[in-house]
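>
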Amino acid sequence: MGDVYCSDCKRQTEVVFDHSAGDTVCSECGLVLESHSIDETSEWRTFANESGDNDPVRVGGPTNPLLADGGLSTVIAKPNGASGEFLSSSLGRWQNRGSNPDRGLIVAFKTIATMSDRYLIFIVGFLEFAFGWYYGVCLDGQTLLGLVATIKDRANEIYKKVEDQKSSRGRNQDALLAACLYIACRQEDKPRTVKEICSVANGATKKEIGRAKEYIVKQLGLETGQSVEMGTIHAGDFMRRFCSNLGMNNQAVKAAQESVQKSEEFDIRRSPISIAAAVIYIITQLSDDKKPLRDISLATGVAEGTIRNSYKDLYPHLAKIIPSWYAKEEDLKNLCSP
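For the sequence shown, this note's numbering assigns the number 2 to the initial residue and increments by one for each residue that follows.
1. DSSP three-state call for Glu-197: helix, strand or coil?
2. Anyone know if the C-beta pair for Arg-270 and Gly-232 falls short of 7 Å?
3. Between the alpha carbons of Gln-262 and Ile-284, how many angstroms are there, rounded?
4. Quick one: is Gly-204 buried, meaning 16 or more other Cβ sit within 10 Å of its Cβ, or exposed?
5. Let me know the secondary structure DSSP gives Glu-189 once reduced to three states.
6. Let me check understanding here. Comparing Cα to Cα, which of Leu-221, Arg-119, Ile-152 lies closest to Asn-163?
7. Taking the beta carbon of Gly-226 as the centre, do at least 16 other beta carbons fall within 10 Å, making it buried, or is it exposed?
8. Under the rule that 16 or more other beta-carbon atoms within 10 Å means buried, what is Leu-223, buried or exposed?
9. Secondary structure at Gln-227, three-state DSSP: helix, strand or coil?
10. Name the one or two DSSP bridge partners that Phe-18 has.
11. Looking only at C-alpha atoms, which of Met-240, Leu-247, Lys-214 sits nearest to Glu-259?
12. Going by DSSP in three states, Cys-181 sits in which element: helix, strand or coil?
13. With respect to the beta strand (DSSP E) encompassing Glu-305, which residues constitute its N-terminal and C-terminal limits?
14. Count the other CB atoms within 10 Å of the CB of Asn-246; is the residue buried (16 or more) or exposed (fewer)?
15. May I ask you to list the residues that DSSP assigns as paired with Cys-7?
16. Starting from Glu-164 and walking both ways along the beta strand (DSSP E), at which residues does that stretch end?
17. Note down the Cα distance separating Cys-337 from Tyr-216, rounded to an integer number of angstroms.
18. Cβ of Ile-159 within 7 Å of Cβ of Ile-184?
19. Pick from Gly-171, Asp-290, Val-16: whose alpha carbon is nearest that of Gly-248?
20. What three-state label does DSSP hand Leu-34 in the structure shown?
21. Rounding to the nearest angstrom, what Cα-Cα distance links Ile-276 and Tyr-312 in this structure?
22. Tell me the DSSP secondary structure of Lys-291 in three-state form.
23. Enumerate in chain order the residues of its own chain whose CB-to-CB distance from Ser-288 is below 6 Å, with the five nearest sequence positions on each side excluded.
24. What residue from His-20, Ser-8, Ser-38, Ile-39 has the CA that sits closest to Cys-27's CA?
25. Excluding sequence positions up to five away, which residues of its chain have a Cβ less than 6 Å from the Cβ of Glu-330?
Right under this line is the structure:
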């Protein structure tokens, strides 16, 4: 701040403003020249529940149109210490007595957000190149599920529609929420495999999520009177993520992406995920950094036998699928025949 006349120093001195107490203090003698001042500057607060989204704002938290009160109701938190425990617990009991129709939705939305931000764990054994020499490692790999806010919002909308029909009681809640995430990913053209969703679903099995997905699609179809659009899955949707899990270099990733796009020109009746895994297997076998079939199976979630069968279907078309800049015809002939 500027200089202010200090009655103790008998002259103009530089003062410091204590924002927490509202005091104006002389910087030389420490005399409080003015106390309890009103801070007229902008008030910035953080309204986010998650630590990753902590940008301060002045207008309050965002509204949620899926909730009856817009998500603007006050929730009294549990006391952290002994002081004020009686008052906080009393207010909490009064709060619990009031009927809050959105209580279940709030818990479900928080669970969906937690699943979306959770890490996937996979174990991959591979050879890594460093400083001109090779060494073998086997480690726990972590990769973020990576679901953006639009997918979370879509999953919330799907769950709200199902919950409004009051027909989901008695069903596995975690499987239901995981299925909402799976459908939202499909509809937003950012598909994830069922195994990826299953790994963050709080213990819900793949079979339970599959049943929940069928149930949700059926219920939404009954509500709208028409079939639910799930979006089309392509093998290329999974390619970059699978390659990243395996630690493949940029050149191999580019070749895999081009190969999987060319594979769509042929009538290969395999699931897109199986084709993606088989293409990765072919690309790695044509490179110096060969990946074992077991590692590819773990990183993609596709069984080794399924990858072999998909490789058998792709094998007759390798000359047209694999880019010529990545592998020559002699290299393709050296591949093991299925």
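Note that CB positions come from ideal geometry on N, CA and C, so glycine has one too.
On the basis of the coordinates in this document:
1. In the three-state reduction of the DSSP assignment, Glu-197 falls in the helix class.
2. With a cutoff of 7 Å on beta-carbon distance, Arg-270 and Gly-232 are scored as not near each other.
3. Gln-262 and Ile-284 have their C-alpha atoms some 14 Å from each other.
4. Residue burial is scored here from C-beta neighbours: Gly-204 has fewer than 16 other C-beta atoms within 10 angstroms and is therefore classed as exposed.
5. It is coil, neither helix nor strand.
6. A small correction: the amino acid at residue 163 is Val; Asn does not occupy that position in the sequence shown. Its Cα nearest to that of Val-163, the residue Leu-221 stands out among Leu-221, Arg-119, Ile-152.
7. Classification for Gly-226: exposed.
8. So Leu-223 counts as exposed.
9. In the structure shown, Gln-227 sits in coil (DSSP, three-state: anything other than H, G, I, E or B).
10. In the DSSP output, where bridge partners are listed per residue, Phe-18 has Thr-25.
11. Among Met-240, Leu-247, Lys-214, the Cα nearest to that of Glu-259 belongs to Met-240.
12. Assigned with DSSP and collapsed to three states, Cys-181 falls in helix.
13. Annotation for Glu-305: no beta strand (DSSP E) segment contains it, though the alpha helix (DSSP H) segment containing it runs 305-315.
14. Buried, since its Cβ has 16 or more Cβ neighbours within 10 Å.
15. Its beta-bridge partners are Arg-12.
16. For Glu-164, no beta strand (DSSP E) run applies; the uninterrupted alpha helix (DSSP H) run containing it begins and ends at 150-165, by DSSP.
17. Going by the C-alpha atoms only, they are around 44 Å apart.
18. Taking 7 Å as the Cβ cut-off, Ile-159 and Ile-184 qualify as a contacting pair.
19. Ranking Gly-171, Asp-290, Val-16 by Cα distance to Gly-248 puts Asp-290 first.
20. Three-state DSSP puts Leu-34 in a strand.
21. Note on geometry: alpha-carbon atoms of Ile-276 and Tyr-312 lie some 8 Å from one another.
22. Coil, per DSSP.
23. Ala-253.
24. If we check each option's Cα against that of Cys-27, Ser-8 comes out closest.
25. For Glu-330, where only same-chain residues beyond five positions count, there are no Cβ hits under 6 Å.
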